[in-house]
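Anchor point for the sequence shown: position 30 equals 800 in our numbering, and the numbering is continuous, going up by one each time.
Everything on this sheet refers to the single structure shown next.
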Amino acid sequence: MGKTRQKQPGTAKVFMSGRSQAVRLPQEFRFASSEVSIRKVGSSLVLSPLYAGWDDYLANAPRIGDDFVEVMARREELPLEQRESFD
């Protein structure tokens, strides 16, 4: 008999639904929209919400953190890296 693995946090079940492969997402990972965009990055698949338009995007997209301006300012203060010239 095969070993049964305990479900790890952040995992989902893959199954066949008709002739398509489907993934059952845990509740904490569910999307608010009925469609998502999908892209392949290396051997991973990345799902992102699809927005109906700019109003939907502005209402539902992730927000910039309160520390965004501070983080960007610190980034500007980093010293430039010294490199050999192309000569």
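Positions of the beta carbon are idealized from the N, C-alpha and C atoms, including for glycine.
No experiment lies behind these values; they were computed from the predicted model shown.
Query, Result
"Range of the contiguous alpha helix (DSSP H) that encloses Phe838", "Phe838 to Glu846"
"Coil, strand or helix - Ala829 by DSSP", "helix"
"For Asp826 and Pro849, the rounded distance between their alpha carbons", "40 Å"
"C-alpha gap between Glu851 and Asp857, whole angstroms", "18 Å"
"Where Gln791 sits in the DSSP three-state scheme", "strand"
"CB-CB length for Ile808 against Leu795, believed under 8 Å", "With 8 Å as the limit, Ile808 and Leu795 do not qualify as a contact, their Cβ atoms being about 13 Å apart."
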